[in-house]
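Numbering (our numbering), first residue to last: 142 to 425.
Virtual Cβ for every residue (Gly too), placed ideally from N, Cα, C.
Working notes for the structure below.
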């Protein structure tokens with residue numbers, strides 16, 4: 142599932158990023174209503190558009206709703222629009238519905254309620270639950286701007302293992318190990334604690350299970366079993382920023398290891414950072 146948030150508020154944007162990315166929903170953002178249709182053209186997988194009504198500027202919001210509705214018709218796409226509001230009267234709500242609005246979200250809604258409402262509304266509108274995939278960011282360790290070091294101790298012999306991250310998602314990460322270590326330092330299904338790495342100059346600590354290990358290739362794949370709330374926000378911000386810089390959505394799932402599923406069974410979707418040039422909710 143892919144959604145677009147139209148807002149000038151960093152708080153609202155981050156609320157969506159931190160709520161949806163850890164749950165396998167891709168979030169795109171624009172703070173400029175004029176760029177809205179271009180975003181919809183660029184990312185054909187977007188199905189929900191959340192429009193933040195700033196300073197109760199409902200005239201602009203109604204205009205955006207009308208544009209989304211017309212665009213969906215001309216492109217033969219199903220795109221559903223919702224308003225994020227502080228206060229709204231019945232007459233404005235009725236006009237919003239006439240212009241294609243399918244739901245209303247209070248600006249102070251909590252993340253869990255926002256997610257639950259969105260999933261329930263999607264199923265009501267589409268008849269099936271949304272397909273959710275973790276976005277996986279591929280990294281090139283030979284590029285200094287993409288080289289992210291990682292370290293952890295072998296639970297088998299306590300040796301410190303170091304490497305570089307080849308790709309990362311909320312499902313886990315792939316690691317290219319470096320240095321000398323015995324083959325028996327790792328095994329598939331080994332549980333590893335206190336894995337340490339940095340994303341955008343912020344420390345992340347995680348626990349994981351080894352799901353693939355190739356000693357000759359110095360490769361291992363780890364599936365996260367624990368990330369703190371703060372670390373989830375760091376990872377969500379990292380992935381969102383890479384996607385926003387131009388990672389292509391909907392690209393092929395995983396590589397030679399085949400499709401990887403996260404701990405809750407959500408599929409992963411690969412996006413390469415090498416292209417980085419570039420309650421409180423209610424339905425009307």
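{"Check": "Rank 348, 192, 226, 225 by C-alpha distance to the C-alpha of residue 210 and give the top, closest one.", "Outcome": "192"}
{"Check": "Would you call the region 231-239 in contact with the region 174-181, where contact means no fewer than 3 C-beta pairs closer than 8 Å?", "Outcome": "no"}
{"Check": "Give me, in chain order, the residues of the same chain whose beta-carbon lies closer than 6 Å to that of residue 372; leave out the 5 immediate sequence neighbours on both sides.", "Outcome": "345"}
{"Check": "Given this structure, state the Cα-to-Cα distance separating residue 311 from residue 216, to the nearest angstrom.", "Outcome": "32 Å"}
{"Check": "CA-CA distance, residue 250 and residue 244?", "Outcome": "14 Å"}
{"Check": "Between 342, 366, 305, which lies nearest to residue 332 when the distance is taken from Cα to Cα?", "Outcome": "366"}
{"Check": "Judging by CA-CA distance, which residue of 158, 148, 151 is the nearest neighbour of residue 383?", "Outcome": "158"}
{"Check": "Three-state secondary structure (DSSP) at residue 198?", "Outcome": "coil"}
{"Check": "From which residue to which residue does the alpha helix (DSSP H) around residue 279 run?", "Outcome": "Run containing residue 279: none in the alpha helix (DSSP H); it sits in the beta strand (DSSP E), 274-279."}
{"Check": "Could you say which of 329, 348, 231, 380 lies nearest to residue 354 if we only look at CA atoms?", "Outcome": "329"}
{"Check": "Taking the straight line between their C-alpha atoms, what separation do you get for residue 272 and residue 260?", "Outcome": "10 Å"}
{"Check": "Which residue marks the beginning of the alpha helix (DSSP H) containing residue 142, and which one marks its end?", "Outcome": "Note, residue 142: premise wrong, no alpha helix (DSSP H); not H, not E."}
{"Check": "So, with DSSP's three-state summary, where would you put residue 333?", "Outcome": "strand"}
{"Check": "Count the other C-beta atoms from every protein chain shown that fall within 10 angstroms of the C-beta of residue 274, then say buried if there are 16 or more, exposed otherwise.", "Outcome": "buried"}
{"Check": "Helix, strand or coil for residue 320? Go by DSSP, reduced to three states.", "Outcome": "coil"}
{"Check": "Closest to residue 204 by CA distance: which of 228, 187, 174 is it?", "Outcome": "174"}
{"Check": "Expressed to the nearest angstrom, what Euclidean distance is found between the alpha-carbon atoms of residue 327 and residue 297?", "Outcome": "7 Å"}
{"Check": "Would the beta-carbon of residue 208 fall within 8 Å of that of residue 226?", "Outcome": "no"}
{"Check": "Rounded to whole angstroms, what is the Cα-Cα separation between residue 319 and residue 294?", "Outcome": "13 Å"}
{"Check": "Helix or strand or just coil, what does DSSP make of residue 354?", "Outcome": "strand"}
{"Check": "In terms of alpha-carbon separation, which member of 202, 380, 292 lies closest to residue 341?", "Outcome": "380"}
{"Check": "Would you mind listing the alpha helix (DSSP H) stretches within the region 151-223 that are 4+ residues and don't spill past its ends, in chain order?", "Outcome": "151-161, 177-183, 199-216"}
{"Check": "Could you name the residues of the same chain whose beta carbon sits closer than 6 Å to that of residue 375, not counting the 5 residues immediately before and after it, in chain order?", "Outcome": "340, 343, 345"}
{"Check": "Roughly how many angstroms lie between the CA atoms of residue 305 and residue 362, to the nearest whole one?", "Outcome": "12 Å"}
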